[in-house]
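Residue numbers (full-length UniProt numbering), protein chains in the order written: chain B, 1 to 724; chain V, 1 to 724. For every residue, glycine included, the Cβ atom is placed at its ideal position computed from N, Cα and C.
Protein chains: 2
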Amino acid sequence: QIEGPHITMCRFCYSNDFDLAAIYVSDAQYNRNIYFDTSPQAVRLYLLYNHWVLKVLLYFFILVDLSLALFEEPAVVPLPSWVTMLVELLCLLVFTLRLIHYAKVIPRDKFWKDPKNICIIVILLLTLVDMIIYGALKAANCYGVRWSRVLRPLLLVNVTEGRQLRRAFRSIRNALPQIFYVFLLFMFSVLMFSLMALKLLGKRGLTTIEGAPYFTSYLEIVFDLYVLVTTANSPDVMMPAYNASFVFAIFFILYILINTYIFMSVFLAVVYNNYKKYLKEEVRQLVRAKRHKMVRAFAVLQEQKEEGGEPVVSQASWNQVVHLVQPDISNAHRELLWSVCDDKNQGAIGKVAFVQLADLLNIEVITIKSRPHPLNSLCPAFYQSAPSRLLCRMVQHRAFVIVYDLIILVNAVFIGLDEENPMIANSEWVFLALYMLEILLKLYVFEPRAFFSRHSFWNWTPCDVSLLSDLASLTIRTMFPVRFRTIINTLIRIGPAILTFGQLIIVVYYIFAMVGMELFKNKVKFYEDTSDPAKAYCGNPLLKGTAFAQLNYCKNNFNNVVSSFILLVELTVVNQCSGFATVTHMSARIFFVIFHIMVVIVIINIFVAFVLEAFFVEYSVDKSDLQTSLEKKIEELELAVAQYVTDNLVNAMETIDNDLGTSQSAAANVPSLMFKIASKRYRTVDALLQRMFEADLDPEDFAEHDDPEAQGNGNFANPTFSSA
Amino acid sequence: QIEGPHITMCRFCYSNDFDLAAIYVSDAQYNRNIYFDTSPQAVRLYLLYNHWVLKVLLYFFILVDLSLALFEEPAVVPLPSWVTMLVELLCLLVFTLRLIHYAKVIPRDKFWKDPKNICIIVILLLTLVDMIIYGALKAANCYGVRWSRVLRPLLLVNVTEGRQLRRAFRSIRNALPQIFYVFLLFMFSVLMFSLMALKLLGKRGLTTIEGAPYFTSYLEIVFDLYVLVTTANSPDVMMPAYNASFVFAIFFILYILINTYIFMSVFLAVVYNNYKKYLKEEVRQLVRAKRHKMVRAFAVLQEQKEEGGEPVVSQASWNQVVHLVQPDISNAHRELLWSVCDDKNQGAIGKVAFVQLADLLNIEVITIKSRPHPLNSLCPAFYQSAPSRLLCRMVQHRAFVIVYDLIILVNAVFIGLDEENPMIANSEWVFLALYMLEILLKLYVFEPRAFFSRHSFWNWTPCDVSLLSDLASLTIRTMFPVRFRTIINTLIRIGPAILTFGQLIIVVYYIFAMVGMELFKNKVKFYEDTSDPAKAYCGNPLLKGTAFAQLNYCKNNFNNVVSSFILLVELTVVNQCSGFATVTHMSARIFFVIFHIMVVIVIINIFVAFVLEAFFVEYSVDKSDLQTSLEKKIEELELAVAQYVTDNLVNAMETIDNDLGTSQSAAANVPSLMFKIASKRYRTVDALLQRMFEADLDPEDFAEHDDPEAQGNGNFANPTFSSA
């Protein structure tokens with residue numbers, strides 16, 4: 001473990017302290033938790049390890065490795081197995097090299113203590129073993145199963161960059177015990193209802209539509225009622241009993257109330273509660289680790305300004321570090337950040353101010369060079385004339401936006417209408433003209449450079465009259481009203497996190513797809529050729545006359561990885577699997593039940609929990625303290641961009657109306673440089689998470705003492721199962 | 001408005017102050033908010049108004065009024081229309097009398113200001129008008145519609161006792177603006193996806209299974225995609241496109257991700273957030289009103305003990321009031337409550353202590369007279385002998401419970417198995433014997449009276465070997481482990497609130513059933529007679545060959561109120577309505593879409609929000625302060641019941657093992673009376689709600705100043721729409 005004093009001792013070993021400090025700051029900014037060796041060559045290797053090219057390469061090879069499923073049996077595009085195996089070997093080589101690189105960066109003992117490294121090594125070895133066995137079997141013309149393909153998505157979880165994904169898995173694992181208790185109760189309820197159903201309906205000699213006996217086998221009933229919870233077989237499962245007497249409907253209504261509505265809500269409640277609890281703890285550890293890193297960076301840079309005074313960091317060192325961390329930062333932006341940190345203008349900052357840096361760098365600030373409208377400089381008399389000013393006011397007015405919203409809406413309706421009609425076809429040109437007019441008007445009113453830089457998306461979309469851009473433009477404009485803002489902001493904010501959930505889903509889907517392909521491949525076939533008689537029963541005589549074949553679900557099969565994925569999506573929405581139980585064995589249902597439990601009960605609920613939490617944060621918190629202080633500073637320095645396309649517009653205009661003289665002079669005094677916080681976006685998911693639980697974190701907690709739990713093995717220790 | 005000084009002045013007008021105080025306390029206990037006249041005869045009328053017989057009568061007649069739908073055309077049991085109309089007239093009469101009674105109780109101006117009274121009057125008048133019109137039309141042999149039947153369930157909302165229901169409706173109304181914005185965005189997204197679907201798929205000449213053109217009409221697409229959100233037509237709606245190319249599946253997957261998962265979560269988030277916000281405000285007002293009433297009761301009873309001292313209530317007056325409020329309270333229980341209030345044993349209590357009374361009365365306390373085991377008195381030498389003590393310890397041991405759990409589980413499995421087998425049939429007797437043994441053993445170990453009173457349900461169920469009692473017993477035992485306790489407690493606690501949601505659902509279902517019956521009655525027919533050829537197409541040629549008829553959904557119709565209700569439940573689970581659009585007109589779909597929006601998007605989400613909130617309260621709060629203080633007092637007085645069927649058992653037993661002598665003497669000293677808080681149940685839904693938001697309420701806030709909003713018109717003012 002690297003201790004503070006050790007760093008201080010090592011201060012003099014490096015040619016450049018700033019490199020080390022910059023690494024600490026950068027690690028803090030992106031929440032990297034790699035406890036690299038501090039020897040000079042290890043630091044150089046670490047810088048290389050974090051280089052984006054290597055990361056992209058790694059993810060590219062993971063992608064290649066995962067997409068090998070497209071070319072392996074059962075394949076979408078069949079390739080000889082030696083080709084896929086050669087490519088896989090290459091991928092394995094890349095992963096091994098990356099791992100060796102990582103081993104060189106961090107201390108030896110840390111490397112072997114980290115479970116994710118062990119995981120990768122095991123995955124690599126197992127894959128190699130599997131490839132050898134498979135190759136041998138192939139050579140001997142035996143049937144072989146590439147079982148190690150199930151392990152491939154686990155690489156996505158265990159690479160150093162899979163932090164978000166690991167966190168998501170941890171939060172699932174932590175919620176599992178509680179989910180398990182509810183699941184027991186739920187299954188108990190299902191079993192009891194099944195028993196009741198058997199007693200109530202089993203001996204009445206009812207039949208299903210297919211003429212099979214209805215509710216006579218206990219296990220069949222259990223399965224049918226389980227599927228009823230997913231609402232997939234509602235109301236079919238109830239119809240025979242309901243046709244016999246409406247009294248039986250009460251049984252099913254009661255069942256749906258208890259198991260579909262109450263238990264599913266309880267699952268959500270339990271998942272949500274656990275998710276929140278553990279995530280809070282993880283984020284707390286994350287923030288502690290971040291502060292710890294910033295304190296280390298501070299220790300490297302600190303100077304003693306006065307005898308006996310607090311150690312500080314001078315502006316010069318600060319500038320150099322910021323430049324190293326973010327080479328593309330503009331000088332103006334850096335000056336702004338410094339003035340936020342050095343609030344009292346002392347030329348040096350203490351520890352508290354320095355620690356903010358990582359978060360400050362995460363706030364996106366847009367720098368705009370503002371200048372007067374070129375027409376105003378060229379021909380002020382004309383541009384300042386009454387009709388010109390009226391035009392400006394009209395274009396700046398909210399009604400202008402609304403009118404164009406309506407135009408786009410009408411355009412959308414026209415696109416939806418019959419295109420054969422020549423009038424409608426010609427209307428496209430009218431709309432094009434209207435959009436061009438809008439852009440010209442806006443160019444007249446707003447300074448062109450500012451117009452292009454800030455509202456690029458906003459203003460440029462309408463000029464492309466293609467369908468999609470219209471939609472996008474309309475979408476953005478519809479989203480505009482203030483009332484929608486909270487909802488939209490949250491939706492935008494949820495965006496990056498959905499990527500994590502996307503990876504999570506891919507990991508789970510991939511595993512289920514691999515297993516499903518082994519179990520069900522070519523059991524159900526899809527025929528492109530409509531004349532083939534086998535099409536009517538999906539190429540499997542067992543399906544003759546079943547609803548599966550009648551509804552033409554033949555393409556819902558496990559015959560290749562693409563259709564497997566699409567089928568799994570369908571199963572997530574509505575768990576329909578009767579066909580596969582028919583063509584194989586009743587026990588195939590177990591596969592589908594496990595999938596439902598994993599994906600719908602656990603993952604979808606965690607996703608819903610995340611969306612709920614994100615919304616409540618948006619509703620309750622408005623801005624982080626740091627963001628506010630940055631904004632305040634920008635306003636203090638009178639560098640704020642006037643937000644003319646916002647609600648303030650009307651107010652601003654009223655001010656202009658009331659007091660034209662002053663506003664004119666104010667306009668003349670406008671500084672040449674302006675800032676605007678792109679407040680509603682977060683660079684990293686971590687920043688969003690941190691904000692979620694910000695209220696509970698003590699800003700003065702510097703984590704000076706290494707938190708043994710948080711920093712035990714280069715990764716966060718997983719919270720233990722404490723709910724048992 | 002009745003002011004504090006007014007009450008003090010009036011002190012001397014009544015023959016009995018205690019009656020008035022008791023009414024205030026009782027109103028506070030049950031959260032009644034009726035601002036009755038304080039004149040003596042009005043108070044007597046008010047007591048009568050609150051009498052349970054009148055309330056039961058009122059609900060009985062509401063039930064009769066609602067169930068008239070069973071006998072009116074289209075009827076389950078047809079009755080001549082003069083009979084149903086006569087009964088309805090009787091119901092109207094009862095409601096009118098009840099309303100007149102209410103008008104006599106409260107001041108005239110309050111009566112006319114209260115919207116719920118106006119509502120009832122309007123409903124009664126409209127019903128009368130409708131009956132006259134319908135009677136006239138019938139007499140003239142014309143077709144008449146009993147449109148006023150839609151208004152019937154509104155009575156349930158507007159009677160004085162419908163407080164919970166009104167609150168639920170208010171919370172829905174308050175959430176509506178926010179829901180509306182999300183709904184706009186959601187519909188916009190659906191419309192845009194539909195447009196894309198039209199452009200992508202409309203011109204490819206694809207056909208559905210029925211051979212109809214696929215995705216060619218914009219409105220059809222919008223409807224299909226809306227239904228896809230409910231997952232009802234997944235994957236059918238996607239299959240034609242997916243069969244054409246798997247690329248189109250991506251479109252549908254994207255659609256489901258955005259509209260089913262994200263937007264539905266957003267609906268839940270918005271509903272939940274609004275629900276929480278407004279409920280908090282309502283409960284705050286409720287608590288203020290309750291305290292206000294208690295302060296009034298205090299003002300009536302107060303005495304000046306010392307010159308210049310704080311006014312107090314003596315124990316004698318307190319006893320008399322408690323006796324009036326709850327005549328069946330035991331003296332011991334009353335003494336206990338007094339000792340909680342009069343913490344310092346001063347013989348009189350101040351305002352703060354008095355105000356607690358309403359909440360204290362709501363905590364259910366079980367009084368148990370404890371005595372030594374009769375065998376111990378009869379034959380101590382035998383009962384105290386080593387084998388007897390060993391037996392007692394065995395029966396008290398946790399393993400004993402587990403063993404009997406296993407026995408019941410085995411019994412349940414046996415019941416589920418084939419009954420023809422004689423061995424299994426005979427096994428019933430073995431189980432019966434085992435259950436009898438259990439009861440005998442418990443009777444030997446525990447004092448019989450305590451055994452019967454406390455564990456009645458627990459211990460008695462197994463002795464009845466019928467199926468249902470087995471299930472109940474097993475259910476209770478399975479719920480027993482500590483781990484499940486939180487979940488079970490919450491589920492039990494949710495119980496009474498579900499009744500409110502049940503009423504809410506009934507109101508909405510009834511209205512939709514009445515409208516649906518007018519629109520769709522006899523369009524789809526169910527034939528009991530299997531030989532009838534019309535059965536194959538539900539008696540409507542339009543349904544020939546449709547999936548609706550093929551799946552034998554004929555009994556899902558609007559032909560009477562019972563099948564309408566069952567159909568509406570099915571629509572709540574999965575919105576399947578293709579059949580009804582086929583037999584009437586495409587616009588019939590509007591009915592189903594509105595139903596889906598009302599029930600699934602709004603009401604089900606509010607229900608889920610309630611369950612979530614109840615869970616989080618259970619997870620975060622453990623016990624209310626008052627309950628804890630009552631428990632503390634019980635323990636202080638050493639009157640607590642030893643909980644031998646809990647976890648403490650093992651610890652308690654270890655103590656006995658270590659120190660037998662003391663525990664024996666302690667057992668001898670056991671008081672003859674014991675208390676136990678039935679902590680996990682709440683008498684009223686209000687108490688649960690209050691507990692939910694207890695943390696935010698200031699216990700010292702007595703609402704001395706009338707809150708104009710809270711007490712404006714005898715009912716709570718509805719929070720205004722402030723989110724716009």
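Task: Delimiting residues of the alpha helix (DSSP H) encompassing residue 74 (chain B) - done: Residue 74 (chain B) -> no alpha helix (DSSP H), and no H or E assigned at all.
TODO: Give the range of the beta strand (DSSP E) segment to which residue 355 (chain B) is assigned.
DONE: Segment 351-355 is the alpha helix (DSSP H) holding residue 355 (chain B); no beta strand (DSSP E) there.
TODO: Might you give, ordered along the chain, the residues of its own chain that have their beta carbon closer than 7 Å to the beta carbon of residue 162 (chain V), omitting 5 neighbours on each side?
DONE: 156
TODO: Using a Cβ-Cβ cut-off of less than 7 Å, give me the residues of the region 229-241 of chain B that come near chain V, in sequence order.
DONE: 231, 234, 235, 236, 239
Open item on the list: If I measure Cβ to Cβ from residue 304 (chain V) and keep anything under 7 Å in the same chain, skipping five residues before and after, which residues do I get?
Closed with: 311
TODO: Would you kindly work out how many angstroms separate the C-alpha atoms of residue 453 (chain V) and residue 148 (chain V), rounded to a whole number?
DONE: In this prediction, residue 453 (chain V) scores a pLDDT of 49, lower than 50, which makes its location untrustworthy; no coordinate-derived value is stated.
Open item on the list: When you compare the CB positions of residue 207 (chain V) and residue 240 (chain V), do they come within less than 8 Å of one another, or not?
Closed with: yes
Open item on the list: Between the alpha carbons of residue 195 (chain B) and residue 527 (chain V), how many angstroms are there, rounded?
Closed with: 30 Å
- [ ] Report yes or no: is there a C-beta of chain B within less than 8 Å of the C-beta of residue 269 (chain V)?
- [x] yes
Open item on the list: Based on DSSP bridge pairs, tell me the residues matched to residue 304 (chain B).
Closed with: B:311
Open item on the list: Against residue 570 (chain B), what residues of chain V qualify as contacts under a CB-to-CB distance less than 7 Å, listed in chain order?
Closed with: 234, 235
Task: Other residues of its chain near residue 501 (chain V): CB distance less than 6 Å, five sequence neighbours each side excluded - done: 607
TODO: Would you mind reading off the limits of the alpha helix (DSSP H) that contains residue 206 (chain B)?
DONE: Note, residue 206 (chain B): premise wrong, no alpha helix (DSSP H); not H, not E.
Open item on the list: So with CB distances below 9 Å, who are the chain V contacts of residue 558 (chain B)?
Closed with: Going along chain V, no residue has its Cβ under 9 Å from residue 558 (chain B), so there is no contact; the nearest lies around 14 Å.
- [ ] Mind checking who residue 213 (chain V) pairs with in its DSSP beta bridge?
- [x] V:207
Open item on the list: Considering only DSSP beta bridges, list what residue 53 (chain V) is partnered with.
Closed with: None; residue 53 (chain V) has no bridge partner.
TODO: Whole angstroms is fine: what's the gap from residue 191 (chain V)'s alpha carbon to residue 254 (chain V)'s?
DONE: 14 Å
TODO: Please work out which residues of its chain come closer than 6 Å, Cβ to Cβ, to residue 460 (chain V), disregarding the five sequence neighbours upstream and downstream, and give them in chain order.
DONE: Residue confidence is low: residue 460 (chain V) scores 40 on pLDDT, short of 50, so the model does not pin down where it sits. Its coordinate-derived value is still stated next. Closer than 6 Å at the Cβ level, and outside the excluded window around residue 460 (chain V), lies no residue.
TODO: Scan the region 114-166 of chain V and note each continuous alpha helix (DSSP H) run of 4 residues or more that stays entirely inside, going in chain order.
DONE: 115-139, 152-158
Task: Candidates V:552, V:292, V:349: closest to residue 309 (chain V) by CA position - done: V:349
Open item on the list: The alpha helix (DSSP H) that contains residue 81 (chain V), what's its start and end?
Closed with: 81-105
Task: C-beta neighbour in chain V for residue 266 (chain B), strict 8 Å - done: yes
- [ ] Leaving out five residues on either side along the sequence, give the residues of the same chain with a beta carbon under 6 Å from the beta carbon of residue 650 (chain V).
- [x] Bear in mind that the predicted position of residue 650 (chain V) carries a pLDDT of just 32, short of 50, making it too unreliable to give a figure here.
Open item on the list: Strictly below 8 Å CB to CB, what residues from chain V border residue 260 (chain B)?
Closed with: 573
Task: Distance, residue 152 (chain B) Cα to residue 123 (chain B) Cα - done: 8 Å
Open item on the list: Between the alpha carbons of residue 244 (chain B) and residue 276 (chain V), how many angstroms are there, rounded?
Closed with: 44 Å
Open item on the list: How far does the alpha helix (DSSP H) with residue 586 (chain V) in it extend, from its first residue to its last?
Closed with: It is not in any alpha helix (DSSP H) - residue 586 (chain V) carries neither H nor E in the DSSP assignment.
Open item on the list: At a CB distance below 7 Å, what residues from the region 582-597 of chain B approach chain V? Give them in sequence order.
Closed with: none
Open item on the list: Between which two residues does the alpha helix (DSSP H) holding residue 335 (chain V) run?
Closed with: 331-341
- [ ] Between the Cα of residue 334 (chain V) and those of V:261, V:110, V:362, V:616, spot the shortest distance and give me the residue it belongs to.
- [x] V:362
- [ ] Taking the CB atoms as reference points, tell me whether residue 29 (chain B) and residue 352 (chain B) lie closer together than 8 Å.
- [x] no
Open item on the list: Let me see if you follow: with CB-CB separation under 8 Å, is residue 509 (chain V) close to chain B or not?
Closed with: no
Open item on the list: Counting only beta-carbon separations shorter than 8 Å, does residue 287 (chain B) have a partner in chain V?
Closed with: no
Open item on the list: Does residue 536 (chain B) come out as helix, strand or coil in the three-state DSSP assignment?
Closed with: helix
TODO: Ignoring anything shorter than 4 residues or poking outside the region 501-556 of chain V, list the alpha helix (DSSP H) runs there in chain order.
DONE: 547-550
Open item on the list: Pairs of beta-carbons, one from the region 595-609 of chain V and one from the region 499-517 of chain V, closer than 8 Å: are there three or more?
Closed with: yes
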